[in-house]
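Enquirer: Residue numbers (this note's numbering): 1 to 352. Note that the Cβ used here is the ideal one computed from N, Cα and C, for glycine as well. Bear in mind the structure is a predicted one, so any value in this text is a computation, not a measurement.
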C-alpha cells in the first residue's frame with residue numbers, strides 16, 4: 001500500500017480493466033513514471049508475516065457487529081447497508097493510515113509502533129474488502145422484464161475514448177425506462193463507493209496491496225480469498241446466484257489474476273445477467289465490423305466471457321446495437337472531473 005502524497009488530478013477516464021471493458025485497441029503497453037515532484041514511501045511489506053491473518057479472516061471478530069446483525073445488515077443490499085458496513089472499515093483504515101504518517105514524522109524512531117500501525121491498516125482494509133464481497137452477493141441488481149441494458153466496446157481516437165459504451169447504454173436506457181447494472185441499487189452503490197461516479201480506479205488502487213505479484217507463490221491471491229469469505233459468511237450460494245451452477249463450475253471467481261475491483265463487478269454482473277427476463281439490449285459503441293471484436297482481449301471482457309453466456313444459457317433474446325445502429329445516440333465519456341487515484345493506494349488523505 002503506497003503512502004505517497006501526490007494530489008489527485010481531475011479529468012481522468014478509467015475503463016474497468018480487461019475483464020469489465022475492452023482495452024483501447026490503439027494503445028500499446030506502457031509504464032508510467034512517477035513525477036519527480038512526489039516522493040513515494042511504501043508501507044513495510046508485512047504480507048508474508050500477516051498472510052495467516054489474511055487467510056484466516058472471517059473469524060468471529062472480523063466485523064464489529066455481532067455475526068447475526070452483520071448478516072442482517074449485509075443482506076440489506078438494496079438500500080446500501082452492505083456498502084455502508086464496508087465503508088466503516090474503510091474509514092477506520094484511513095484513520096489508522098493517518099496515525100501511521102504521524103508516527104513516521106516523529107523525530108525519534110517509531111519502528112515497532114509503525115509496524116503495528118501498518119498491520120492494523122491492512123486488517124481494516126481486509127475487513128472492508130470482505131464486506132464488499134458480501135455486498136456483491138446480496139445487493140439488489142434486479143430489473144423489470146424487457147428493461148435490462150448491457151454494454152461493451154468503446155470507440156477510441158488518438159488513444160482517447162470518443163464514444164463510451166456505458167454512457168451510451170445509460171442514455172438509451174433512460175429514454176425507454178430501462179436500466180443498466182450501474183443504474184440498479186447495488187450497481188449504483190459500488191459505482192459511487194469513493195464518493196464519485198465510477199469508483200473503479202479508486203477500488204483498484206485501494207485493494208492493490210492484497211493482489212499477487214510476480215514474486216508471489218502459486219495460488220496466492222488474498223483479494224480473491226477475502227471476497228469469497230465475505231460471501232461465505234452470508235451462506236449465499238453464488239454459483240446458483242450467478243447461474244454458474246448450470247456449467248458445472250466449482251468457483252464463481254475462477255482465477256486470482258484479476259484486480260479485486262474486477263471480481264466485485266463481475267459478481268454483480270453475473271447476478272444481474274442471471275436475473276434478466278424477457279428481451280435485453282446490448283449496446284456496443286463500436287462498429288460490428290471492427291476487427292477488435294475478434295481480439296482476444298475483447299473476447300475476454302465481462303460481456304463476452306460472463307454476461308452473454310449467462311443470458312444465452314437462460315434463453316434470453318439479445319438485441320445487439322452497434323455504432324452503425326446508433327446514429328445520433330452515441331455519447332462520449334463523462335465530462336465530470338474525476339480524481340486520479342493512481343499512486344495513492346486508494347487513501348483519501350492523499351487527495352483531500
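1. Extract the residue ranges of the beta strand (DSSP E) inside the segment 156–180, only unbroken runs of 3 or more that lie entirely within it.
2. Pick out whichever of 200, 138, 173, 155 has its Cα sitting closest to the Cα of residue 185.
3. For residue 188 versus residue 286, is the C-beta distance shorter than 9 Å?
4. Does the segment 218–225 come within contact of the segment 191–205, defined as at least 3 CB pairs closer than 8 Å?
5. If we cut at 9 Å on Cβ distances, does residue 234 have a partner in chain C?
6. Run through the DSSP bridge pairs and tell me what residue 148 is partnered with.
7. Hey, quick one: how far does the alpha helix (DSSP H) through residue 112 stretch, first residue to last?
8. To the nearest angstrom, how far is the alpha carbon of residue 241 from that of residue 230?
9. Using a Cβ-Cβ cut-off of 6 Å (strictly less than) and excluding sequence neighbours within five positions of residue 120, which residues of its own chain qualify?
10. I need the straight-line Cα distance from residue 256 to residue 225, nearest angstrom please.
11. In chain order, what residues of the same chain lie with their CB nearer than 6 Å to the CB of residue 76, ignoring the 5 residues before and after it?
12. Taking DSSP as the reference, what is the three-state secondary structure of residue 340?
13. Please tell me whether residue 165 and residue 281 are closer than 9 Å, where the distance is taken between their beta carbons.
14. Exposed or buried, what is residue 200 when buried is set at 16 or more other beta-carbons lying within 10 Å of its beta-carbon?
15. Name the residue from 151, 197, 171, 183 whose alpha carbon lies nearest to the alpha carbon of residue 337.
16. Tell me which residues share the same chain as residue 275 and place their Cβ nearer than 8 Å to its Cβ, disregarding the 5 neighbours each side in the sequence.
17. Check this for me: beta carbons of residue 346 and residue 204, under 9 Å apart or not?
18. What span of residues does the beta strand (DSSP E) with residue 317 cover, start to end?
19. Give me, in chain order, the residues of the same chain whose beta-carbon lies closer than 7 Å to that of residue 31; leave out the 5 immediate sequence neighbours on both sides.
20. On the criterion of 16 or more Cβ atoms from any shown chain inside 10 Å, does residue 247 qualify as buried, or is it exposed?
21. Express the C-alpha separation of residue 284 and residue 321 in angstroms, rounding to a whole number.
22. Can you grab the Cα-Cα spacing for the pair residue 341 / residue 260, in whole Å?
23. Alpha carbon to alpha carbon, how far is residue 329 from residue 172? Give it in angstroms, no decimals.
24. What first and last residue would you give for the alpha helix (DSSP H) that runs through residue 228?
25. Work out the CA separation of residue 305 and residue 131 for me, nearest whole Å.
26. Assign residue 333 to one of two classes, buried (16 or more other C-beta atoms within 10 Å of its C-beta) or exposed (fewer than that).
27. If you draw a straight line from the alpha carbon of residue 273 to that of residue 293, how long is it in whole angstroms?
28. Between residue 92 and residue 99, what straight-line distance do the alpha-carbon atoms span, to the nearest angstrom?
29. What does the alpha-carbon distance come out to for the pair residue 215 and residue 126?
30. Quick check: what's the CA-CA separation for residue 351 versus residue 206?
31. What residues in its chain sit with their C-beta under 7 Å from that of residue 324, if we drop five residues either side in the sequence?
32. Please list the terminal residues of the continuous beta strand (DSSP E) segment that includes residue 258.
33. From the DSSP output, read off the bridge partner residues of residue 283.
34. If you draw a straight line from the C-alpha of residue 356 to the C-alpha of residue 153, how long is it?
Expert: Answer, in terms of the structure:
1. Those beta strand (DSSP E) runs which fall completely within the segment 156–180 and span 3+ residues are 160–163.
2. Nearest option by C-alpha distance: 138.
3. Going by C-beta atoms, residue 188 is not nearer than 9 Å to residue 286.
4. By the criterion of at least three beta-carbon pairs nearer than 8 Å, the segment 218–225 is not in contact with the segment 191–205.
5. Chain labels in this structure do not include chain C; a single protein chain is all it has.
6. In DSSP, residue 148 forms a bridge with 179.
7. Here the alpha helix (DSSP H) through residue 112 covers 111–138.
8. Within the model, the alpha-carbon separation for residue 241 versus residue 230 is close to 15 Å.
9. Shown here for residue 120: same chain residues with a beta carbon closer than 6 Å to its own, the five before and five after excluded, namely 96 in chain order.
10. Taking C-alpha positions only, residue 256 is separated from residue 225 by approximately 9 Å.
11. Caution is warranted here: a pLDDT of 47 is assigned to residue 76, below 50, making its placement in the model unreliable, and no coordinate value can be reported.
12. In the structure shown, residue 340 sits in coil (DSSP, three-state: anything other than H, G, I, E or B).
13. Residue 281 sits away from residue 165, with the two beta carbons spaced by 9 Å or more.
14. Classified as buried, residue 200 has 16 or more neighbouring CB atoms from the shown chains inside 10 Å of its CB.
15. Selected option, being the one with the closest Cα: 197.
16. Correct list, in chain order: 141, 142, 143.
17. Yes, Cβ-Cβ distance for residue 346 and residue 204 is below 9 Å.
18. Note, residue 317: beta strand (DSSP E), 317–321.
19. Since pLDDT at residue 31 reaches only 34, below the 50 mark, its modelled position is unreliable, and no value is offered.
20. Exposed.
21. Their Cα atoms are separated by approximately 6 Å.
22. If I take the Cα positions, the gap works out to 15 Å.
23. When rounded, the distance between both Cα atoms is 7 Å.
24. Counted as a single uninterrupted DSSP element, the alpha helix (DSSP H) harbouring residue 228 occupies residues 222–232.
25. Residue 131 and residue 305: Cα-Cα distance of roughly 26 Å.
26. Here residue 333 is buried, its C-beta having at least 16 other C-beta atoms within 10 Å.
27. One C-alpha to the other measures close to 21 Å.
28. Residue 92 and residue 99 have their C-alpha atoms spaced approximately 11 Å apart.
29. Taking the CA atoms as reference points, residue 215 sits about 21 Å from residue 126.
30. For residue 351 and residue 206, the distance between alpha carbons rounds to 13 Å.
31. Taken in chain order, the residues that qualify are 287, 288.
32. Careful: residue 258 lies outside any beta strand (DSSP E) and carries neither H nor E.
33. Beta-bridge annotation (DSSP): residue 283 is paired with 151, 321.
34. The requested residue 356 is not part of the displayed model; the chain covers only 1 to 352.
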